[in-house]
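Only one structure is covered here, and it is reproduced in the block below.
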Amino acid sequence: MYNMKFIEENLTSLKEVTKNKGVDIDFELFTGLNEKRKTLQSSVDELRRERNEKSKKVGELKKNKKDASKLLSELEFLKEKLIREEKDLKEIQQAIDDFISWIPNLVHSSVKNKPVEIIKPTGLKKLPSKPLTHIELGESLGILDFSSASKITGSNFSLYKGKGAKLERALINFMLDLHTKRHGYTEVFPPFLANEQSMFNTGQLPKMKEDMYITDKDGLYLNPTAEVPLTNILSDKVLTADELPIKYCGYTACFRREAGSYGKETKGLLRVHQFNKVELVNFVMPEDSYDALERLLKEALEVLKLLDIPYKVIQLPYDDLSFASAKTYDIEIFAPGVDRWLEVSSVSNFEDFQAKRANIRVKAEGKTKYVHTLNGSGVATPRLMISLLENYQTKEGEIKIPDVLVPYTDFETIDLNIK
RNA sequence: GGAGAGGUGGCCGAGUGGUCGAAGGCAACCGAUUGCUAAUCGGUUAAGGGGUCACAAGCUCCUUCCAGGGUUCGAAUCCCUGCCUCUCCGCCA
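This is the structure:
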């Protein structure tokens, strides 16, 4: 986590970024509070010094069988005062820590105030004049069953059936194989739940608390992205420079409450509370992180190129960046049925923001510093499924499976006869 | 779920009330030396927060031996609670 020194040194830019990222905090209040903290700290330190010194003398006196009662009564008085001041100090420190926990990451200088299209729409297909939506396709082909899902759980959950279920599994396996075999990732299959500290470390907490599912007995959070478990694998570690970069790739189900979403934004698979995602996480030397960001983007795009899905890439403006991100690219893919561009991947450099919170360091040339962390979806499946179904539909309303997926699905089409 | 053992610095590991921020080893860094890779010798190496000061170096003080409470003039060391790890038993996909 940031410390007050860093905050005071970067006050102007932190104030700006805090406003841009939609957090409202009173910096003056806390820089003032920090002054109080310093005064109190000095006073407490002085009292402790006195206590330590006198306690030591008591030890010596007792050892030599001399009377220590005068010192002891002084110490009694000291102790009372110390306990009072320590309590005050703790309260102030707690308030300051809470305040710091709400300060988002700084933004990289290359980030603009409006979205920038980094890669123009690529790979758009010719389709029937009125392409069907994934909902129409999925229900008529019997591969998507939203009413069962809502009966079992509630609205905005999904259920894949038959070839739909297999296709979903095929997508996950295809992506994991791609990243592990071609991009040098270590595959990880992590827990789907994580504790509060882990959620804090990657920056989900405190800001996104309302969007998370929490188990009431154990206080565990259902992870909203595999970024959380994958990044926390290395929390509290000191790495050596030759171990870097470390590249983890993992599949998890992701859970998001999506409070406040409704209507056509959430139709079908557009926005669901539980979805599957393959995630890429990188730990790199600080000086390498922006090269790594570009590389990570390419790795994620490879999924779409191989599947031949139309995509474009947007560099997010600063007021769209997540709490922890310094720079983010969003990959969007086109879904002709719903006629929309859908975000399937967010590729971000967090610089040392998560590393500071999670305490992930590297020792190089005798010095210890924080690593930089990055992540990218590689990619999320529901929207990939939407785009795949809608782009690969035939004029008969059936689905032709992309060639690269056939080894994973064991079928080449999803047609109307088979349930 | 029941019974026991344990959690110490980058890593391993000693330490049961004051002389312990912590022996020893490993690793790393700096220097010396050796005609190669390497070996040997000497030194250095935790983090955070104050003060002094140039937001430097240096000096100095405080805190930190899983976390939180407690006992005590004084706690890594004693007590309580929690978390985690290991062993045994039970239960279970």
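Heads up: the first sequence at position 397 corresponds to 396 in numbering that gives the first Met the number 0, and the numbers run straight through without jumps.
Quick reminder that beta carbons are idealized off the backbone N, C-alpha and C, glycines included.
Between the options, which lies nearest to residue i when the distance is taken from Cα to Cα?
{"i": "Lys89", "options": "Ile99, Leu123, Arg36", "result": "Arg36"}
{"i": "Val16", "options": "Ile102, Asp97, Glu73, Ser72", "result": "Ile102"}
{"i": "Asp235", "options": "Glu278, Ile6, Lys86, Val361", "result": "Val361"}
{"i": "Phe352", "options": "Gln203, Lys129, Lys80", "result": "Gln203"}
{"i": "Val280", "options": "Ala240, Arg256, Leu175, Met211", "result": "Leu175"}
{"i": "Asp215", "options": "Val237, Leu192, Val403", "result": "Leu192"}
{"i": "Lys276", "options": "Ala325, Tyr250, Pro316", "result": "Tyr250"}
{"i": "Phe188", "options": "Ile171, Lys64, Thr201", "result": "Ile171"}
{"i": "Leu123", "options": "Tyr310, Leu74, Glu8", "result": "Tyr310"}
{"i": "Tyr212", "options": "Lys326, Asn104, Ala323, Ala258", "result": "Ala258"}
{"i": "Tyr328", "options": "Lys125, Phe282, Lys113, Leu233", "result": "Lys113"}
{"i": "Asn194", "options": "Ile232, Gly183, Thr179", "result": "Ile232"}
{"i": "Ala240", "options": "Lys297, Ile359, Tyr159, Tyr317", "result": "Ile359"}
{"i": "Lys399", "options": "Glu411, Tyr407, His182", "result": "Glu411"}
{"i": "Phe254", "options": "Glu7, Asp290, Pro127, Arg270", "result": "Arg270"}
{"i": "Val312", "options": "Phe322, Ser321, Leu295", "result": "Leu295"}
{"i": "Gly218", "options": "Leu238, Ser197, Thr224", "result": "Ser197"}
{"i": "Arg382", "options": "Pro285, Asp402, Gln93, Thr265", "result": "Thr265"}
{"i": "Ile6", "options": "Lys64, Val405, Phe98, Asp23", "result": "Phe98"}
{"i": "Glu135", "options": "Gly267, Val403, Val343, Tyr317", "result": "Gly267"}
{"i": "Val22", "options": "Tyr407, Cys248, Asp318, Leu28", "result": "Asp318"}
{"i": "Lys111", "options": "Leu315, Tyr407, Lys18", "result": "Leu315"}
{"i": "Lys246", "options": "Phe199, Tyr184, Gln273", "result": "Tyr184"}
{"i": "Ser108", "options": "Ser12, Ile413, Asn51, Ala357", "result": "Ser12"}
{"i": "Lys18", "options": "Asn51, Val106, Phe199", "result": "Val106"}
Cutting at 7 Å between CB atoms, please list the residues of its own chain near residue i, excluding the five before and the five after it.
{"i": "Asn33", "result": "Met3, Ile95"}
{"i": "Ser386", "result": "Ile308, Ile332, Phe333, Ala334, Leu341"}
{"i": "Pro130", "result": "Pro335, Gly336, Glu389, Gln392"}
{"i": "Ile91", "result": "Leu32, Lys35, Arg36, Leu39"}
{"i": "Phe26", "result": "Leu10, Lys14"}
Suppose the cutoff is 8 Å on Cβ atoms and the five residues either side in sequence are ignored; what does the same chain contact list for residue i look like?
{"i": "Leu415", "result": "Ser139, Leu140, Glu395, Gly396, Glu397"}
{"i": "Asp66", "result": "Leu60"}
{"i": "Val43", "result": "Leu81, Glu84, Glu85, Leu88"}
{"i": "Ala323", "result": "Pro103, Asn104, Thr201, Gly202, Ser347, Phe349, Phe352, Gln353"}
{"i": "Glu49", "result": "Leu77"}
{"i": "Glu446", "result": "Because the chain in this structure spans residues 0 to 418, residue 446 falls outside the shown range and cannot be described."}
{"i": "Ile151", "result": "Leu158"}
{"i": "Lys355", "result": "Met0, Tyr1, Tyr369"}
{"i": "Pro244", "result": "Asn281, Phe282, Val283, Met284, Asp287, Ala291"}
{"i": "Glu298", "result": "His178, His182, Leu279, Gly375, Gly377"}
Could you name the residues that DSSP lists as bridge partners for residue i?
{"i": "Phe274", "result": "Cys253"}
{"i": "Val115", "result": "Gln314"}
{"i": "Val187", "result": "Gly249"}
{"i": "Gly396", "result": "Looking at the DSSP assignment, Gly396 forms no beta bridge with any residue, so it has no partner."}
{"i": "Tyr220", "result": "Ala193, Ile213"}
{"i": "Leu143", "result": "Tyr159"}
{"i": "Val280", "result": "Tyr247, Asn374"}
{"i": "Ile413", "result": "Ile398"}
{"i": "Val110", "result": "DSSP lists no partner for Val110."}
{"i": "Leu238", "result": "Val361"}
{"i": "Thr121", "result": "Tyr310"}
Sorted by chain position, which residues of the same chain lie with C-beta nearer than 6 Å to residue i's C-beta, five sequence neighbours on each side aside?
{"i": "Pro205", "result": "Ser100"}
{"i": "Thr132", "result": "Gly336, Val337"}
{"i": "Asn348", "result": "Ser288, Leu292, Ala325, Lys326, Leu373"}
{"i": "Lys53", "result": "Leu70, Leu74"}
{"i": "Gly137", "result": "Leu143"}
{"i": "Pro127", "result": "Lys394"}
{"i": "Val115", "result": "Gln314"}
Is residue i near the ligand GDP, judged by its Cβ being under 6 Å from some heavy atom?
{"i": "Asp409", "result": "You won't find the ligand GDP in this model; it holds no ligand whatsoever."}
Report task. Could you pull out every unbroken alpha helix (DSSP H) segment of at least 4 residues lying fully inside the stretch 35–100, listed in chain order? Result -> 68–100
Query raised in the report: Do the stretch 78–87 and the stretch 111–123 meet, that is, are 3 or more Cβ pairs less than 8 Å apart?
Result: no
Query raised in the report: Between the stretch 161–173 and the stretch 227–245, do three or more beta carbon pairs fall short of 8 Å?
Result: In this structure the stretch 161–173 does not touch the stretch 227–245; the number of beta carbon pairs closer than 8 Å is below three.
Query raised in the report: Is there contact between the stretch 370–385 and the stretch 289–305, where contact requires at least three CB pairs shorter than 8 Å?
Result: yes
Report task. Mind the definition here: the stretch 42–58 touches the stretch 67–77 only if three or more C-beta pairs lie below 8 Å; say whether that holds. Result -> yes
Query raised in the report: Counting Cβ pairs closer than 8 Å, one from the stretch 362–376 and one from the stretch 141–157, do we hit at least three?
Result: no
Requested in this report: Could you name each continuous alpha helix (DSSP H) segment of 4 residues or more that falls completely within the stretch 324–393, going from the start of the chain to the end?
Outcome: 352–357, 380–390
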